[in-house]
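Chains as they are written, first to last, in the UniProt record's numbering: chain D, 1 to 430; chain V, 1 to 291.
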């Protein structure tokens, strides 16, 4: 009897747990079908994580829904690494929603060429050159037509450094030349401080952050398009030298030892905790750094130092427009009108002002607020010189993969810069 | 045996839904995969028929063979590491051991945990700067043994295999325990009366009686190893520099990162055939087909 009781109790418990789990993940979908003139649009985005920018984007959507009773925007959020895969897969299956977030350059192109997106030139003609920087707008154009508008610029190379640590080894300012930068690394090492924190498990950081910038400093910004057009080669001395810089930094043991087993976020945490003096990352890290650093930690932001004899403009920072929203080419009538109305509302001066206040670097002409944190102010100043191309934004996906893996090989010593350059060039030739 | 019509319909009704789902989500995709493998397709533009080109390229693709080699390591680790250890533990726990129930639960625990949780935990353990493993080695004065477990190309594969072994020992242990408990007491008692030692009892009675279960476990371990993906994806993403790439991961990267859907399908088809051949050979070797 006692046994029986026990059994029925546990069955009941099991039942409760299952019902709970089912109800927790159940959702009430509707397909956006219009009843009584109302339009429902689905918006896919990668605004995951509770950061100031994602909060602002979601707020903006909510405000739109509140002020437009006849249109409802339903958002579906996925974290950014998985979002890109999801977007590619669903685009292949022609299952894209009404509005979706896209990345520029080589990620946008196949989706546009596959006929999945409608141009939005009617919207951007009003904004071009007035609110939004023309140059950044181009990142989201394919064959002269505009497909999305960036909310921010993702700069892929900003040098964050601990002001107190480098002061300790005699530097009041971050070095502006590579040779001086190497001296700083040696001095930090002599003090027993890990010079640079890097998390390269996901493989893109060393390429997108480091190589994009280092190569641009050495070869100049017109080099990469030339290579893809067949007018220059990856085996040219400039690019090989850029890869050799990575090797040199690695040989100097400038990086943390677990470089291949942690990711960019973990590296940021380690840097904030004072485990290392320098953290080179992108503008996406500014909001995180501002959130996480303690009050007595003084973080400075600088540009990547210039390389002696380099052809690139040392005031440029590699960067590309980010968080563009595009619309599905199968929209028509009331739905298309609603989608365009939403985009017009979304990309307003208010949003850009709020974003800038929240610590994002934006492509719009808005003044910097007065009470800005020095970290962000310096980042803002560092990026005033314009943008240089980002490698994974320009290279075809396969070439990016080769470069990503090869760079890991350079770190572990199983690949040489010369061999990697040759491999990349042979892929271009194919 | 004759089944009357009514019962037949009952069987169809019962199996129907499961069969439909299985056909829809397993059989049909496999067939579609075969079709894609003859195409060149980036997922967006129209497909282009290329015949056997994908397979020709596959046979020349050194990175693919490298990933397949790593997969063979995982198979060996699973068969040798998981099965033999699981069998050992099962034999131990089948004896009148104090706290056997407790150990059984502990052993089965990793199976219940999600792969991502297991892999994240192990990557913290393996971390070269402040991971548990290196800290432990330092604490007992073995600084020279500390390693960059996942970051070193020569060690990464071994480290990953250890995690995979750890995760699934419990599963096979439970399967073996169930088989052990099904061995009739009378036979063992008769052997004891005849004066058989523990050793000969284990080798001559228990193991032969478990043969079918062991074969089934072998098939499970091999097919499971061919599908290995999640642990490696979380711990190293196939790195450093392809050191821990396995074929499923390579296929994923080719398909979804490099956008070569046709080539990726060709890899899937190859893995499918490879697994099938491996298990057929295994069944031939063991003799009687158990699965």
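Every residue gets a Cβ at the ideal spot worked out from N, C-alpha and C, and that includes glycine.
Remember, predicted model here, so these are calculated numbers, not experimental data.
Beta-carbon of residue i versus every beta-carbon of chain D: anything under 8 Å?
| i | result |
| --- | --- |
| residue 142/V | no |
| residue 304/V | For chain V, the structure presents residues 1 to 291; residue 304/V sits outside this window and is missing. |
| residue 192/V | no |
| residue 150/V | yes |
| residue 291/V | For residue 291/V, the predicted model reports a pLDDT of 47, less than 50, meaning its position is unreliable; a value from the coordinates is still stated below. False, the Cβ-Cβ gap to chain D never drops below 8 Å. |
| residue 280/V | no |
| residue 189/V | no |
| residue 186/V | no |
Using a Cβ-Cβ distance cut-off of 8 Å, determine whether residue i contacts chain V.
| i | result |
| --- | --- |
| residue 203/D | yes |
| residue 191/D | no |
| residue 405/D | yes |
| residue 306/D | no |
| residue 416/D | no |
| residue 411/D | yes |
| residue 398/D | yes |
| residue 401/D | yes |
| residue 408/D | yes |
Indicate whether residue i and residue j have their beta-carbon atoms separated by less than 8 Å.
| i | j | result |
| --- | --- | --- |
| residue 66/D | residue 39/D | no |
| residue 74/V | residue 218/V | no |
| residue 504/D | residue 159/D | Residue 504/D is absent from the model: chain D starts at 1 and stops at 430. |
| residue 133/D | residue 379/D | no |
| residue 223/D | residue 199/D | no |
| residue 120/D | residue 343/D | yes |
| residue 163/V | residue 122/V | yes |
| residue 260/D | residue 408/D | yes |
| residue 114/D | residue 44/V | yes |
| residue 153/D | residue 319/D | yes |
| residue 282/D | residue 161/D | no |
| residue 398/D | residue 427/D | yes |
| residue 221/D | residue 421/D | no |
| residue 299/D | residue 361/D | no |
| residue 322/D | residue 151/D | yes |
| residue 194/V | residue 63/V | no |
| residue 316/D | residue 236/D | no |
I want to see whether chain C comes within less than 8 Å of residue i, judged by CB atoms only; does it?
| i | result |
| --- | --- |
| residue 14/V | Reference to chain C is not applicable here, since the protein chains of this structure are D and V. |
Between the options, which has its C-alpha nearest residue i's C-alpha?
| i | options | result |
| --- | --- | --- |
| residue 222/V | 179/V, 283/V and 238/V | 283/V |
| residue 310/D | 190/D, 346/D, 92/D and 178/D | 178/D |
| residue 296/D | 171/D, 140/D, 164/D and 183/D | 164/D |
| residue 275/D | 242/D, 307/D, 203/D and 188/D | 188/D |
| residue 330/D | 423/D, 96/D, 232/D and 88/D | 96/D |
| residue 224/V | 22/V, 179/V and 278/V | 278/V |
| residue 32/V | 264/V, 9/V and 252/V | 264/V |
| residue 339/D | 203/D, 61/D, 17/D and 56/D | 61/D |
| residue 204/D | 381/D, 248/D, 263/D and 345/D | 263/D |
| residue 286/V | 67/V, 198/V, 7/V and 216/V | 216/V |
| residue 406/D | 360/D, 386/D and 206/D | 206/D |
| residue 228/D | 395/D, 56/D, 269/D and 140/D | 395/D |
| residue 47/D | 413/D, 348/D and 284/D | 284/D |
| residue 154/V | 18/V, 10/V and 70/V | 70/V |
| residue 273/D | 337/D, 312/D, 226/D and 197/D | 197/D |
Checklist entry - Which residues, in order along the stretch 229-244 of chain V, keep a beta-carbon less than 9 Å from a beta-carbon of chain D? => result 235, 236, 237, 238, 239, 240, 241, 242 and 243
Item to check | Under 8 Å (Cβ pairs) to chain V, residues found in the stretch 243-266 of chain D | outcome: 256, 257, 258, 259, 260, 261 and 262
Checklist entry - Which runs of the beta strand (DSSP E) fall wholly inside the stretch 282-342 of chain D and span at least 3 residues, in chain order? => result 299-302, 317-322 and 324-328
Item to check | Residues, ordered as in the chain, of the stretch 41-63 of chain V that lie near chain D by beta-carbon distance below 7 Å | outcome: 42, 43, 44 and 45
Next on the checklist: What are the residues in the stretch 98-114 of chain D lying within 7 Å of chain V by C-beta distance?
Outcome noted: 110, 111, 113 and 114
Checklist entry - If contact means a Cβ-Cβ distance below 7 Å, which residues of the stretch 70-102 of chain D contact chain V? => result 85, 88, 89, 91 and 92
Item to check | the stretch 250-276 of chain V: positions lying closer than 8 Å to chain D by Cβ | outcome: 253, 256, 257, 258, 259, 260 and 261
Checklist entry - Listed in chain order, which residues of the stretch 115-136 of chain V have Cβ atoms closer than 9 Å to some Cβ of chain D? => result 123, 126, 127, 128, 129, 130 and 131
Checklist entry - Taking a cut of 7 Å between CB atoms, which residues from the stretch 153-167 of chain V lie near chain D? => result 153
Checklist entry - If you scan the stretch 168-202 of chain V from start to end, which runs of the alpha helix (DSSP H) of 4 or more residues do you find wholly inside it? => result 185-193 and 198-201
Next on the checklist: As an exercise, report each continuous alpha helix (DSSP H) stretch of at least 4 residues that is fully enclosed by the stretch 164-233 of chain D, in chain order.
Outcome noted: 178-190, 212-219 and 223-228
Checklist entry - Considering only residues of the stretch 121-152 of chain D, which uninterrupted alpha helix (DSSP H) runs meet the minimum length of 4 residues and lie entirely inside it, listed in chain order? => result 121-127 and 134-137
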